[in-house]
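K.L.:
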Amino acid sequence: MNKNFKNVRTPVRRLSGGQRQVVAISRAIYFNAKILIMDEPTAALGPEETAMVGNLVRQLKAEGVGIFLITHDMPDVFALSDRLAVMKNGRMVGTYRTSDVTEDEVLGMIIAGKQPEGKAQTHSL
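The working numbering puts the last residue of the sequence shown at 156; the count rises by one with no breaks.
Okay, here's the thing in structure tokens:
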């Protein structure tokens with residue numbers, strides 16, 4: 032799955048954070064997962080590792096795997112998602128096609144807990 036793996040027998044504890052993410056995702060794919068739930072998959076990763084995880088997410092998406100990406104990282108949200116949902120204090124603020132909202136509007140929903148004015152909401156994820 033990744034050309035940076037020099038030896039597949041290397042213990043996971045010796046791998047970088049990004050490589051560990053790839054191992055976790057690979058295990059899910061091995062067991063034929065049709066949906067992945069990824070909670071902050073790029074938190075604490077460097078730029079190269081973040082790109083590695085992003086590329087893998089794009090590849091899986093192209094192969095038809097459904098991915099729920101839980102993140103506060105706006106570049107990841109806009110680079111990797113088709114739709115987004117914003118929650119605040121356990122309450123759904125709104126769901127939108129990523130292409131229909133701006134980063135500022137999403138941040139406004141996160142901070143204020145209100146939908147942006149005049150934006151049509153997507154009713155399903």
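Note that beta-carbon positions come from the ideal geometry of N, C-alpha and C, so glycine has one too. Note that the structure is predicted; figures quoted are calculated from it, not measured.
Take the Cβ of D135 as the centre, count every other Cβ of all protein chains shown within 10 Å, and call the residue buried at 16 or more, exposed below.
P.N.:
Reading the sequence shown from its first residue, position 104 is the one you call residue 135. With fewer than 16 other CB atoms across the displayed protein chains lying within 10 angstroms of its CB, D135 is exposed.
K.L.:
Give me, in chain order, the residues of the same chain whose beta-carbon lies closer than 8 Å to that of K145; leave out the 5 immediate sequence neighbours on both sides.
P.N.:
Indexing the sequence shown from 1 puts residue 145 at position 114. So the qualifying residues of the chain are V124 and G139.
K.L.:
Kindly give me the distance between the Cβ atoms of T9 and D107, rounded to whole angstroms, as I take these residues to be in contact under 8 Å.
P.N.:
A query on residue 9 cannot be resolved here, the shown segment of the chain reaching from 32 to 156 and no further.
K.L.:
Output the distance between the C-alpha atoms of V43 and V84, rounded to the nearest integer angstrom.
P.N.:
Counting from one through the sequence shown, the residue named residue 43 turns up at place 12. Counting from one through the sequence shown, the residue named residue 84 turns up at place 53. Taking the CA atoms as reference points, V43 sits about 16 Å from V84.
K.L.:
Using a Cβ-Cβ cut-off of 8 Å (strictly less than) and excluding sequence neighbours within five positions of V54, which residues of its own chain qualify?
P.N.:
In the sequence shown, residue 54 corresponds to position 23, counting from 1. Excluding residues within five positions, the ones whose Cβ falls inside 8 Å are V43 and L46.
K.L.:
Express the C-alpha separation of G149 and I68 in angstroms, rounding to a whole number.
P.N.:
Your numbering for residue 68 matches position 37 in the sequence shown. Your numbering for residue 149 matches position 118 in the sequence shown. Separation of I68 and G149 (C-alpha to C-alpha, rounded to the nearest whole angstrom) is 31 Å.
K.L.:
Apart from the five residues just before and just after E80, which ones in its own chain have a Cβ nearer than 8 Å to its Cβ?
P.N.:
Looking up residue 80 in the sequence shown gives position 49. S47, G48, G49, Q50, Q52 and T73, listed in sequence order.
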